[in-house]
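Per the working numbering, the very first residue in the sequence shown carries number 2; after that it's consecutive.
Note that CB positions come from ideal geometry on N, CA and C, so glycine has one too.
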Amino acid sequence: MTGNTFGSDDNFINFFDTFDEMVLIASEEGQIIYANKTLMQKLGYNEEEVIGRNILDFKLPNQKIETEELLRNVFTGRKDQYGLLLVRKNGEIVPSEIRVWLGKWSGRKCLFGIINELRMGEEKPLSL
């Protein structure tokens with residue numbers, strides 16, 4: 002293949018939107034830059050309610066400190082996968098597991114994440 006076939010952000014966005022898993026891209030500060038349609042559908046939010054918010058906004062309030070520590074571990078390369086509990090817009094809890102890694106998006110450092118919703122009995126504890 003030649004040319005700029007893979008250079009379009011639209012191509013990547015369309016690709017991520019085909020995933021059954023939830024996908025997000027966040028800034029170093031945790032601000033959500035991109036979330037795929039699956040994330041929005043599973044959590045019950047629309048794009049305007051997700052983009053620009055901090056990823057901690059979708060966690061249980063009593064787990065924000067633990068999650069902040071986990072994010073620090075990710076950004077220092079000490080952790081790349083862990084269990085988490087997300088909160089749907091309607092307040093329901095979503096046991097999940099996230100795989101995260103560092104990268105760049107539009108030339109800026111960022112965090113890439115793929116989130117799998119766990120079925121009952123598969124919950125994994127938050128681990129530092």
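An exposed status is given to Ser107, since fewer than 16 other beta-carbon atoms sit within 10 Å of its beta-carbon. Asn37 counts as buried, since at least 16 other C-beta atoms from the protein chains shown sit within 10 angstroms of its C-beta. Checking the DSSP bridge columns, you'll see Lys105 partnered with Lys110. Following the DSSP letters along the chain, one finds Leu86 inside the beta strand (DSSP E) bounded by residues Gln82 to Val88. The three-state reading of DSSP puts Leu61 in coil, since its state is none of H, G, I, E or B. In this structure, Glu22 sits away from Ile94, with a CB-CB distance that is not shorter than 8 Å. Judged by DSSP in its simplified three-state form, Asn47 adopts coil rather than helix or strand.
Going by DSSP, Ile34 is part of the beta strand (DSSP E) stretching over Ile33 to Ala36.
The criterion of a C-beta distance shorter than 8 Å is not satisfied by Gly78 and Ile56. DSSP places Ile26 in the uninterrupted beta strand (DSSP E) bounded by Met23 to Ser28.
About 6 Å separates the beta carbons of Leu40 and Leu25, which is inside the 8 Å limit, making them a contact pair.
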